[in-house]
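Sequential numbering of the sequence shown, starting at 5, is according to this note's numbering. Quick reminder that beta carbons are idealized off the backbone N, C-alpha and C, glycines included. Only a predicted model underlies this, so the values are computations on that prediction, with no experimental measurement involved. Below you'll find the structure, written out as C-alpha cells, and then a few comments.
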Amino acid sequence: MARRNFSMIEYFNRRAEEWKPRLTFQGSTAAEWKAWRGQALETLLELLKEFPEPVEPAPEVIYSIEDDGLIRERVVFDSEENMSVPCVLLKSAETSNDGAAPAILCSHGHGPFGKEPVAGNVSSEGIRSNMAQHNYNYAEQMARRGFVTLSPDLRCFGERADGPDPYPGRDRCNVHFVRGAILGIYTLTLNIWDMMRCVDYLESRPEVDPDKIGMMGLSQGGTMTMFTTAIEPRIKAADIIGYLNPWQDFGIEDANFCGSQIVPEVYRYFDTHDIAGLIAPRPLLLEMGVHDTTFSIESMLKGYEGVKRIYSSAGASDRLWSDIHPGEHAFAANKAFEFFEKHL
Numbered sequence: 005m006a007r008r009n010f011s012m013i014e015y016f017n018r019r020a021e022e023w024k025p026r027l028t029f030q031g032s033t034a035a036e037w038k039a040w041r042g043q044a045l046e047t048l049l050e051l052l053k054e055f056p057e058p059v060e061p062a063p064e065v066i067y068s069i070e071d072d073g074l075i076r077e078r079v080v081f082d083s084e085e086n087m088s089v090p091c092v093l094l095k096s097a098e099t100s101n102d103g104a105a106p107a108i109l110c111s112h113g114h115g116p117f118g119k120e121p122v123a124g125n126v127s128s129e130g131i132r133s134n135m136a137q138h139n140y141n142y143a144e145q146m147a148r149r150g151f152v153t154l155s156p157d158l159r160c161f162g163e164r165a166d167g168p169d170p171y172p173g174r175d176r177c178n179v180h181f182v183r184g185a186i187l188g189i190y191t192l193t194l195n196i197w198d199m200m201r202c203v204d205y206l207e208s209r210p211e212v213d214p215d216k217i218g219m220m221g222l223s224q225g226g227t228m229t230m231f232t233t234a235i236e237p238r239i240k241a242a243d244i245i246g247y248l249n250p251w252q253d254f255g256i257e258d259a260n261f262c263g264s265q266i267v268p269e270v271y272r273y274f275d276t277h278d279i280a281g282l283i284a285p286r287p288l289l290l291e292m293g294v295h296d297t298t299f300s301i302e303s304m305l306k307g308y309e310g311v312k313r314i315y316s317s318a319g320a321s322d323r324l325w326s327d328i329h330p331g332e333h334a335f336a337a338n339k340a341f342e343f344f345e346k347h348l
C-alpha cells in the first residue's frame, strides 16, 4: 500500500529524517578544517545576500547618568540610510578613557522588552519579571565586572517593534521576513549588519580597546551571537547562551523559531554547529541548561558535539568552553565572567 500523507507537518518531518546539509563539516584534520572553513564562510555570506550600504553613523549620546556605580547612556546611531539603532551603553563609573577597557556586545532574545532587561532596566514589573526569569541582565552584570557593554534593540523588537502588536494575530518577525523576502532582503542579515555597526561604535569609544571586543546573547541573542561572530573577525570571543541545537530538532520538528532567525536555504548547506564552528579558532563558550524548556538539553548537547569536532580539527579544543548547568532558559553566570576575563 502506498504511504499516503496529507499533512505538511508530517511531510517536512519525513523529508528531514535523512537530511544532511551539503557543507556540514566531515573532516578531522587541520587541513580539512581550513579548506572547509573557506568554502563554508563564502557560502554563508552568499546565503545572507547583500548587506546595506554604510552611512555616516552620526552617533549621539542622548543622556549619560550615574546609576548605582555604573554609567548608563542612551546611544543612537544610523546603521544605514533608512534605519537607526537605539542602544544602552553601560560601564563602571571608574572606567577611564584610556582605550584599555574590554567591551561586550550584548544581544537580547525574542521577547516583549528588547534590550531593556539585558541592560538592567527595572522600570516596570514586566521587565523585572522577565529579567528574573532568564537572569537576563547580563549586560549589567558584565559592566559591574569592568566591561563596557552595549545592548542594542534588534529590528522588530523594543523601540523598533512598531508598537506591541502591529499585525494583530500574526508574528511581526514572520511578516517582516516575508515582506523582505520578496525583495531579497532578510531580517537576520539586517540585524547582523546592525551588530557589525555596533562593533564600529564600540571601536570608536575612548574607553574601549578595539582588540578586546566580545559578544554574548541568550536564545535569539544566541542566534545573533553565532551568526555575527561567524562572519565578523573583530569579535574576539563569544558566549552563545541557550540556543545551539540542530535545525532538525527545533527548526523542522518543533518549528521553534521566527523569520528574524533564518535565511532561505541555510539548512541545505549548514547545521547550526557548522555556523558556530566558523568561530574557531576564537574562544567560544556554550551555555546549556538541563531544565531548558525552550531548547532541550539533549538537542543542545548534539550541537555541542558538532562544535567540538570542528574545534578539535582546528587545533583549538582548549578555546571551546561549555557550561552545562542545572538551570532553565537563562544566563547561567557560572563561567562567563572567567571566560571573558581570560579571553578579552
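Handout entry: Buried or exposed by the 16-neighbour rule on C-beta atoms within 10 Å, applied to residue 224
Key = Sequence index remark: in the sequence shown, residue 224 carries index 220 (1-based). Buried: at least 16 other Cβ atoms inside 10 Å.
Exercise for the section: Could you please give me the residues that DSSP links to residue 292 through a beta bridge? Expected result: Start at 1 with the first residue of the sequence shown, and residue 292 comes out as number 288. DSSP, once it has assigned bridges, lists 328 as partnering residue 292.
Practice task
Kindly indicate the opening and closing residues of the alpha helix (DSSP H) around residue 54.
Solution key: To locate residue 54, count along the sequence shown from 1; it is residue 50. Counting along the chain, residue 54 falls outside any alpha helix (DSSP H), and DSSP gives it neither H nor E.
Problem - Rounded C-alpha distance that separates residue 271 from residue 25 - result: Sequence index remark: in the sequence shown, residue 271 carries index 267 (1-based). Sequence index remark: in the sequence shown, residue 25 carries index 21 (1-based). About 6 Å.
Problem - Segment limits, beta strand (DSSP E) that includes residue 234 - result: Numbered from 1 along the sequence shown, position 230 holds the residue referred to as residue 234. Segment 224-235 is the alpha helix (DSSP H) holding residue 234; no beta strand (DSSP E) there.
Practice task
Using DSSP bridges, identify the partner residues of residue 153.
Solution key: Within the sequence shown, numbered from 1, the residue matching residue 153 stands at position 149. Beta-bridge pairing links residue 153 to 94, 108.
Handout entry: Spatial distance of residue 177 from residue 259 (CA atoms)
Key = Start at 1 with the first residue of the sequence shown, and residue 177 comes out as number 173. Start at 1 with the first residue of the sequence shown, and residue 259 comes out as number 255. Whole-angstrom Cα-Cα distance: 14 Å.
Practice task
Under 8 Å by Cβ, that's how I've got residue 246 and residue 291 pegged, so tell me the actual separation to the nearest angstrom.
Solution key: Taking the sequence shown and counting its residues from 1, the one referred to as residue 246 is at position 242. Taking the sequence shown and counting its residues from 1, the one referred to as residue 291 is at position 287. Confirmed, about 6 Å.
Handout entry: For residue 189, the three-state DSSP class (helix, strand or coil)
Key = Looking up residue 189 in the sequence shown gives position 185. DSSP places residue 189 in coil when its eight states are reduced to three.
Handout entry: Residue(s) in a DSSP beta bridge with residue 243
Key = Translated into positions along the sequence shown, residue 243 becomes position 239. In the DSSP output, where bridge partners are listed per residue, residue 243 has 220, 289.
Problem - Alpha-carbon to alpha-carbon, residue 221 and residue 99 - result: As a position in the sequence shown, residue 99 is number 95, starting the count at 1. As a position in the sequence shown, residue 221 is number 217, starting the count at 1. Near 23 Å, if we compare the C-alpha coordinates of residue 221 and residue 99.
Practice task
Along the alpha helix (DSSP H) that carries residue 342, what are the first and last residues, could you check?
Solution key: The sequence position of residue 342 within the sequence shown is 338, counting from 1. Here the alpha helix (DSSP H) through residue 342 covers 340-347.
Handout entry: Per DSSP, the bridge partner or partners of residue 88
Key = Taking the sequence shown and counting its residues from 1, one reaches residue 88 at position 84. In the DSSP output, where bridge partners are listed per residue, residue 88 has 82.
Problem - Rounded Cβ spacing between residue 114 and residue 335 (contact assumed at less than 8 Å) - result: The residue labelled residue 114 in the question sits at position 110 within the sequence shown. The residue labelled residue 335 in the question sits at position 331 within the sequence shown. About 15 Å separates the two Cβ atoms, so there is no contact after all.
Exercise for the section: Check each candidate in 106, 136, 142, 109 and name the one with the smallest Cα separation from residue 122. Expected result: On the sequence shown, residue 122 is found 118 positions in, with the first residue counted as 1. Of the candidates 106, 136, 142, 109, the one whose C-alpha sits nearest the C-alpha of residue 122 is 142.
Practice task
Below 6 Å CB to CB, which residues in the same chain sit around residue 280 once its five sequence neighbours on both sides are set aside?
Solution key: As a first step, residue 280 must be located in the sequence shown, where it is residue number 276. Cβ within range, chain order: 230, 248, 311.
Exercise for the section: Take residue 278 as the anchor and find which of 264, 83, 92, 308 has the nearest alpha-carbon. Expected result: Within the sequence shown, residue 278 is the residue found at index 274, counting from 1. Closest by alpha carbon: 308.
Handout entry: CA-to-CA distance, residue 6 to residue 232, given in whole angstroms
Key = The residue given as residue 232 occupies position 228 in the sequence shown. The residue given as residue 6 occupies position 2 in the sequence shown. If you take the alpha carbons of residue 232 and residue 6, they lie about 46 Å apart.
Practice task
Give me whichever residues DSSP pairs with residue 102 in a beta bridge.
Solution key: On the sequence shown, residue 102 is found 98 positions in, with the first residue counted as 1. Paired residues: none, contrary to the question.
Handout entry: residue 282 - DSSP class collapsed to helix/strand/coil
Key = As a first step, residue 282 is located in the sequence shown; it is residue number 278 there, counting from the start. DSSP places residue 282 in coil when its eight states are reduced to three.
Problem - Beta-carbon contacts of residue 250 that lie in its chain and below 7 Å, excluding the five residues immediately before and after - result: Position 246 of the sequence shown, counted from the first residue, corresponds to residue 250. Excluding residues within five positions, the ones whose Cβ falls inside 7 Å are 275, 276, 303, 306, 307.
Exercise for the section: With a floor of 4 residues, list each alpha helix (DSSP H) that falls wholly inside the stretch 118-147, ordered by position along the chain. Expected result: 129-138, 142-147
Exercise for the section: Keeping to the same chain, check which residues put their C-beta closer than 8 Å to that of residue 184; ignore five residues upstream and five downstream. Expected result: Position 180 of the sequence shown, counting from 1, holds the residue named residue 184. For residue 184, where only same-chain residues beyond five positions count, the Cβ hits under 8 Å are 190, 191, 194.
Exercise for the section: Let me know if residue 154 comes out buried or exposed under the rule of 16 or more other beta-carbons within 10 Å of its beta-carbon. Expected result: If you number the sequence shown from 1, residue 154 lands on position 150. Residue 154 is buried by the Cβ-count criterion.
Practice task
Starting from residue 64, follow the beta strand (DSSP E) in both directions and report where the run begins and ends.
Solution key: On the sequence shown, position 60 is the one that residue 64 refers to. Residue 64 -> beta strand (DSSP E) spans 64-71.
Handout entry: Touch test, the stretch 200-209 against the stretch 164-182, Cβ-Cβ under 8 Å, three pairs minimum
Key = no
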